[in-house]
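Please read the structure below before turning to the comments.
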Amino acid sequence: MVSSSDRRYTRRDTVLFVLCLGLSLFGLFSPTSWGYGVADTLRQTVLFPLVWLQTRAEEGRTSRVRFRQVTLERDSAAYLAQFLPSLRAENERLRQLLRLSHRLKIGYVSAEVLHQPQAMDGRTLLLSAGSREGVSVFSPVVSPEGLIGVVLTVSRTSSVAMSWAHPEFRVSAFTVSGNAFGVVAPSNEGRNGEGALEFRGVPYRDSVPLGTLVLSSGLGGVFPKGVPVGTVIGTVREEAGWERVYRLRPAANPGSATHVLILVGGRTADLRPAFPSDSLLEALRLDSIARVRRADSVAQAAREARAMRRDSLRRASPLQGGAPQVQRVTPTSPILGGAPAAPVPAAEDSAQ
Amino acid sequence: MSSNRVSRIQLLLVMLLLVILQFYIRPRLWDARISPDFLLIALMLFAMRSSPGVAALAGFAVGLIADTLTPARFGAGALAHTLVGYLGSWGRSVFFADNVLVNAAFVAVGLWVRDFVVLVASGTNHRQLIAELTLYSPLQALTTAGFALIVLVTFRSMFSIRLDP
Chain F
12 MVSSSDRRYT RRDTVLFVLC LGLSLFGLFS PTSWGYGVAD TLRQTVLFPL
62 VWLQTRAEEG RTSRVRFRQV TLERDSAAYL AQFLPSLRAE NERLRQLLRL
112 SHRLKIGYVS AEVLHQPQAM DGRTLLLSAG SREGVSVFSP VVSPEGLIGV
162 VLTVSRTSSV AMSWAHPEFR VSAFTVSGNA FGVVAPSNEG RNGEGALEFR
212 GVPYRDSVPL GTLVLSSGLG GVFPKGVPVG TVIGTVREEA GWERVYRLRP
262 AANPGSATHV LILVGGRTAD LRPAFPSDSL LEALRLDSIA RVRRADSVAQ
312 AAREARAMRR DSLRRASPLQ GGAPQVQRVT PTSPILGGAP AAPVPAAEDS
362 AQ
Chain C
178 MSSNRVSRIQ LLLVMLLLVI LQFYIRPRLW DARISPDFLL IALMLFAMRS
228 SPGVAALAGF AVGLIADTLT PARFGAGALA HTLVGYLGSW GRSVFFADNV
278 LVNAAFVAVG LWVRDFVVLV ASGTNHRQLI AELTLYSPLQ ALTTAGFALI
328 VLVTFRSMFS IRLDP
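Chains F and C, in that order, are what the protein sequence lines are.
Sequential numbering of the first sequence, starting at 12, is according to my numbering.
Sequential numbering of the second sequence, starting at 178, is according to my numbering.
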């Protein structure tokens with residue numbers, strides 16, 4: 012037998028359940044806009060603390076993910092930045108080498124310098140070109156800046172060059188003004204651990220001012236004439252009143268050379284035009300950049316003209332259902348001084 | 178203050194903890210599809226210690242929260258949670274739900290039923306319905322039941338009471 016309190020209890024539960032069920036079904040089958048309205052209202056009032064809590068949690072999660080992503084990006088950027096200067100330097104050196112190869116009027120072989128992590132690296136260089144490429148003993152080795160050395164031994168696929176830092180290196184040289192001749196040899200008194208050269212055997216009467224460029228003279232038949240060897244930076248000593256020895260700052264650094272040219276012919280040629288001064292080099296570089304930009308502009312104008320032509324043909328094509336339209340586009344190029352670009356064919360061209 | 182009142186306050190604190198876990202910790206920790214549903218744990222634990230009418234009301238409230246905060250069809254969550262709350266309360270009378278494992282099993286079954294009702298009421302297509310009910314719902318039921326077990330073991334003394342007057 013169920014008591015009256017139990018019945019009331021059961022009835023109250025049933026009423027509550029039916030009420031909740033009815034409200035749920037009403038929410039379910041009511042228009043969507045009503046549901047969204049109720050949800051919006053609840054979100055902005057009663058459930059605002061929960062929404063705030065969830066928002067903070069989501070922010071925490073996304074910020075953690077973002078932090079991880081930013082950390083990864085930073086690491087990648089740092090990794091790339093490590094190599095960027097060296098890549099730029101290598102790129103610049105290769106460009107210089109390319110320009111030098113264009114200016115050289117004699118035969119040459121390009122080679123990579125295979126550096127070895129040894130103390131003597133820089134005095135002798137292992138090059139990636141050998142007799143197969145036409146390299147022979149005593150072939151001069153140059154870089155865009157100037158003389159690197161001379162080939163000492165040659166195998167089929169590689170060769171060893173003696174750089175100017177080698178104690179046995181000698182080159183006959185003269186000043187760019189042509190008033191003093193002598194022999195350049197490595198110095199034993201390099202400053203700050205850097206290698207230096209000595210310009211020996213200059214007659215006492217021939218004074219060489221500081222900053223004078225010293226070139227190979229071509230005497231001796233090993234090195235061609237006109238390859239920069241170094242720049243006078245001071246006097247080392249004077250020998251008993253008949254000879255002066257000057258200190259030179261080397262034109263090229265074998266320790267940092269990565270790509271070189273090995274000259275394989277025409278040792279009697281004058282290479283002075285191939286090694287212009289710094290100002291001339293800068294002018295040539297700027298001129299080269301300007302030429303590249305001009306070429307890019309012309310190519311861009313041509314691309315635009317082609318695109319316009321395609322558009323015109325598409326519009327004029329009867330297959331597209333449109334009436335043939337005569338449209339002439341006359342794009343102008345700023346480089347060409349406003350001259351009309353490639354003529355755009357009219358509708359009669361496309362109809363054929 | 179009577180011990181029953183103290184226990185009710187403690188129980189309320191546990192429910193509050195579950196709500197915070199649901200809205201503050203859950204989004205940070207797990208994949209939403211299989212992570213424990215702390216609100217459902219709170220509902221089931223409350224329903225098993227309340228009268229069916231109150232449990233249905235609590236279910237309706239939890240469902241309304243779910244409908245408001247999730248972009249599903251409005252009303253589906255309220256309907257599902259109302260049914261689960263009501264049935265959970267009746268289920269305690271049928272089964273001997275004083276065992277913690279039975280409580281956890283109740284939670285798992287309740288979650289699966291809730292998902293079933295929500296999916297059907299939302300008009301989910303057949304293929305997705307099967308995938309949800311055979312894969313994700315059981316997984317979420319397992320994790321939810323596991324966490325419910327932890328809660329029951331941790332707060333065993335609080336959940337041994339019956340909230341009915």
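Even for Gly, the Cβ is constructed at its ideal location relative to N, Cα and C.
Within the stretch 167 to 241 of chain F, the runs of beta strand (DSSP E) that reach at least 3 residues and sit entirely inside it are, in chain order, 170 to 174, 182 to 186, 192 to 197, 208 to 214, 224 to 227. The stretch 277 to 304 of chain C contains, as complete alpha helix (DSSP H) runs of 4+ residues, the segments 277 to 298 (chain order). One Cα belongs to His303 of chain C, the other to Arg320 of chain F, and the distance between them is close to 53 Å. For Glu101 of chain F, the enclosing alpha helix (DSSP H) has its first and last residue at 59 to 114. Using a Cβ-Cβ cut-off of 8 Å, Phe28 of chain F is close to Pro229, Gly230, Ala233, Thr259, Tyr263 of chain C, given in chain order. Taking 8 Å as the cut-off, the beta carbon of Val240 of chain F is found closer than this to the beta carbon of Ala262 of chain F. Note on Gln55 of chain F: under 16 other CB atoms within 10 angstroms of its CB, so exposed under the neighbour-count rule.
Taking Tyr119 of chain F as the centre and dropping the five residues before and after it, the same chain places the C-beta of Ser112, Leu272, Ile273, Leu274, Val275 closer than 7 Å to its C-beta, in chain order.
Interface with chain F (8 Å Cβ-Cβ cutoff): Asp275 of chain C is excluded. Chain C places a beta carbon closer than 8 Å to that of Arg72 of chain F, counting this residue as a contact. Where Ala122 of chain F is concerned, the enclosing beta strand (DSSP E) starts and stops at 119 to 125.
With 16 or more other Cβ atoms from the protein chains shown falling within 10 Å of its own Cβ, Gly229 of chain F counts as buried. Put simply, the CB of Ser44 of chain F is far from chain C, with every gap to its CB atoms at 8 Å or more.
In summary, Asp292 of chain C is buried, with 16 or more beta-carbon neighbours lying within 10 Å of its beta-carbon over all protein chains present. Contacts between Pro213 of chain C and chain F, judged by CB atoms closer than 8 Å, are missing: the closest CB pair is about 15 Å apart.
Contact between Ala298 of chain C and Ala253 of chain C holds, since their C-beta atoms are separated by about 4 Å, short of 8 Å.
Within the model, the alpha-carbon separation for Arg110 of chain F versus Thr246 of chain F is close to 34 Å. Taken atom to atom, the span from the alpha-carbon of Arg22 of chain F to that of Ile202 of chain C is near 39 Å. Between the C-alpha atoms of Gln199 of chain C and Asn102 of chain F there is a straight-line separation of about 57 Å.
For the pair Pro235 of chain F and Ile159 of chain F, the CB atoms are not nearer than the 8 Å cut-off. Within the stretch 236 to 252 of chain C, those residues whose Cβ lies closer than 8 Å to any Cβ of chain F are, in chain order, Gly236, Phe237, Gly240, Leu241, Ile242, Asp244, Thr245, Leu246, Arg250, Phe251, Gly252. Under the Cβ distance rule, Ala282 of chain C does not count among the residues neighbouring chain F, no pair being separated by less than 8 Å. Buried is the label assigned to Asn280 of chain C, since at least 16 other Cβ atoms lie within 10 Å of its Cβ. Rounded to whole angstroms, the gap between the alpha carbons of Val213 of chain F and Arg255 of chain F is 5 Å.
The Cβ of Phe200 of chain C sits closer than 8 Å to at least one Cβ of chain F. Think of a sphere of 9 Å around the beta carbon of Arg205 of chain C: the chain F residues whose beta carbon falls inside it are Ala68, Glu69, Gly71, Arg72, Arg75, in chain order. A residue is called buried once 16 or more other Cβ atoms fall within 10 Å of its Cβ, and Val76 of chain F, having fewer, is exposed. Between the stretch 216 to 229 of chain F and the stretch 166 to 181 of chain F, the count of C-beta pairs closer than 8 Å stays below three; the two stretches do not touch. With its beta carbon less than 8 Å from one in chain C, Gln65 of chain F belongs to the interface.
Counting only Cβ-Cβ distances below 8 Å, Ala298 of chain C has contacts in chain F at Leu39, in chain order.
One Cα belongs to Phe237 of chain C, the other to Phe78 of chain F, and the distance between them is close to 39 Å.
At a cut-off of 8 Å between beta carbons, Leu256 of chain C contacts chain F. The alpha helix (DSSP H) runs lying completely inside the stretch 231 to 280 of chain C and spanning 4 residues or more are 253 to 271, given in chain order. Across the set F:Gly189, F:Val233, F:Thr186, the C-alpha of F:Val233 shows the shortest separation from the C-alpha of Val153 of chain F. Per DSSP, Ser314 of chain C is one residue of the alpha helix (DSSP H) stretching across 314 to 331.
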